[in-house]
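Every position in the sequence shown, counted from 1, becomes a number in this note's numbering once 728 is added.
Using N, Cα and C, we set each Cβ at its ideal position, and we do this for glycine too.
Just so you know, these numbers come straight off a predicted model, no measurement behind them.
See below for the structure under consideration.
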Amino acid sequence: MDDIFSAASNRLIIDLSALADNWRMMAKISGKARAAAVLKADAYGIGFEPASETLYGAGARDFFVASVEEGVALRPYVPEGRIFILAGMWPGNEKHFFDNDLVPVINSEEQLAFFMSTLSERGDYPCALHVDTGMNRLGLTPQEALALANDPVRPASFSPVLVMSHLACADDQAHPLNRRQLDAFRTIADAFDGVEMSLANSAGVHLGPDFHFDLTRPGIAVYGGEAVNDMPNPMKPVVTAEARILQIRTVKSGDTASYGASAQFSRDSRVAVVAVGYADGYHRSVSGGGVTLRQARPSGAYGFLHGQKVPHLGRVTMDLSLFDVTDLPENGVRAGDYIELFGENIAIDDVARAGGTIGYEMLTSLGQRYDRAYVPAE
Ligand SMILES: *Cc1c(COP(=O)(O)O)cnc(C)c1O
């Protein structure tokens, strides 16, 4: 760890070995299906370059990103990989697909028509077809997809390399929509005989072999987040976020602290003032009862320091947060120490839950103020 890193106020320790292990585990659970890796939003905030090189090294060959810009940014790191662009192609961005060997996911009849018009000029080019089986977000309707599959005058040059759909409720294993989407997708699979099929995200992989088809698309699980509700998370934490304590304050019983006098003390206390706030993706809502958002929760997030969980106090502000360190040994904690916000000792999803959100949002909103250190994959 270099000087800048040891001088940093906030830091992320990103364990690429855990990332590789998590992907291998998802690939193993995917059984006969190949596992892709979903790298949208700068690889869920951890960085395209380290994430893609690590996952390619672990064996991933298929990658999904949101936009063509992300695809162009990713291409240099996985020159041999296949990159799918989930948002698809539209007039004006087609050149970037062809120049960078990016595969558009076709999400609508309009995108299909435009893609076909580009083919008439340049000939065959791979694409994926997204069919909506119940999410009602992106994709051709099943009727449109079946009509396309059975169209006798469909140009021979139109040959999707993948047909995909996305599950709406995979995190809730008992939800009846899972089975309905599966049945609809099977009908589509029959119509596109011989084309590779893909249905499952991380949570979908855990729904079992029926949902795996040819290619799975795990994202959050690879980054160590929870995919399935009410199930112990089997993945290794990848990201540990730490912030620096700037000052230890002593307050008296009866005092208050933070905006709105939202932290109230019923005993003499010691408070760690920490250099992290909502501008660092430590969301204001993790303040818990200190913020009247949604239903107030009695306690907000916890940090971790010198072997102990310490509760957050008051409101998270833009750059600063308070933690109650009264129960730590008096000389055990001092200005300059790091406090863990989430990672090895505090599950990211526990912090997310305190803020009424999900690990995905925590990871993708970490911002630019952390120094990032990567523990290399073996
Ligand atoms: C983001 C995304 C995934 C990955 O989902 P996770 O829940 O992170 O595993 C898979 N497929 C599509 C279409 C997505 O948008």
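- Rounded to the nearest whole angstrom, the CA to CA distance from Ile1086 to Glu849 is 44 Å.
- Collapsing the DSSP output to three states places Lys964 in coil.
- As for any alpha helix (DSSP H) of minimum length 4 sitting wholly inside the stretch 804-833, the runs are 822-828, ordered along the chain.
- Just so you know, the alpha carbons of Ala949 and Glu808 end up roughly 24 Å apart.
- Note that the stretch 983-991 does not touch the stretch 784-803; fewer than 3 beta-carbon pairs, one per stretch, sit closer than 8 Å.
- Gly1060 carries a coil assignment under DSSP once its states are collapsed to helix, strand and coil.
- C-alpha of Cys897 to C-alpha of Gly1060: approximately 46 Å in a straight line.
- Between the stretch 955-974 and the stretch 1061-1079 there are three or more inter-stretch CB-CB distances shorter than 8 Å, so the stretches are counted as touching.
- Going by DSSP, Lys1037 is part of no alpha helix (DSSP H) but of the beta strand (DSSP E) stretching over Gln1036 to Leu1041.
- The DSSP-derived three-state label of Ile1067 is strand.
- Considering only Thr1054, Gly932 and Ala788, the residue with the shortest C-alpha distance to Ser981 is Thr1054.
- Take the alpha-carbon of Tyr951 and the one of His894: they are about 19 Å apart.
- Distances from the CB of Val806 to the heavy atoms of ligand 1 are all 7 Å or more.
- Cα atoms of Val999 and Leu1041: separation of roughly 8 Å, rounded to the nearest angstrom.
- In the displayed model, Gly1005 falls within coil according to three-state DSSP, outside both helix and strand.
- Only residues of its own chain outside the window of five on either side were considered, and among them Glu822 have a CB closer than 7 Å to the CB of Thr846, listed in chain order.
- Arg914 sits in a helix when the DSSP states are folded into three classes.
- The residues Leu1091, Thr1092 and Leu1094, in chain order, have a CB closer than 6 Å to that of Gly773 in the same chain once the five nearest residues on each side in sequence are set aside.
- DSSP places Ile757 in the uninterrupted alpha helix (DSSP H) bounded by Leu744 to Ile757.
- The continuous beta strand (DSSP E) containing Asp790 extends over residues Asp790 to Val793.
- Note: Thr978 is bridge-paired with Arg998 in the DSSP secondary-structure output.
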